[in-house]
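**Q** Its first residue numbered 388, the sequence shown is counted upward by one per residue in this note's numbering.
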Amino acid sequence: MVTGKIPHLRVVVAVSAAAIIGFAIISGYVLGYTDDDVTKGGIVATWQNVALLAFGFWLGSSSGGKGKDDAPSGKPEDPVSVTETHLEEQR
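#1: Please state whether the Cβ-Cβ distance between residue 414 and residue 430 is less than 8 Å.
#2: Roughly how many angstroms lie between the CA atoms of residue 401 and residue 444, to the nearest whole one?
#3: Are the beta-carbon atoms belonging to residue 427 and residue 437 less than 8 Å from one another?
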């Protein structure tokens, strides 16, 4: 059965938050206390990529369910041909 819930959402959020906080601490140290320009550039590029990923995820998730209002007809002419099956019928 498919549900709209993310399994273990609290774990996913906690691990993601811990990774971002840890990287932020490392970034603060590298940008504030080191003189290695290559590493500083890598840190800035990584934060830029994270921002682009977050924006792309937001954009995709906010428009993902708006593509089609009506359900597919199930006919071969339809762009999405759908055949309904049930688990009991497949066994």
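In this text, a Cβ means the ideal position worked out from N, Cα and C, and glycines have one as well.
**A** Quick look at the numbers:
#1: Along the sequence shown, one-based indexing puts residue 414 at 27. Along the sequence shown, one-based indexing puts residue 430 at 43. Yes, the pair counts as a contact, with Cβ atoms nearer than the cut-off.
#2: Within the sequence shown, residue 401 is the residue found at index 14, counting from 1. Within the sequence shown, residue 444 is the residue found at index 57, counting from 1. Those two C-alpha atoms are separated by around 18 Å.
#3: Within the sequence shown, numbered from 1, the residue matching residue 427 stands at position 40. Within the sequence shown, numbered from 1, the residue matching residue 437 stands at position 50. Not in contact: residue 427 and residue 437 (Cβ atoms no closer than 8 Å).
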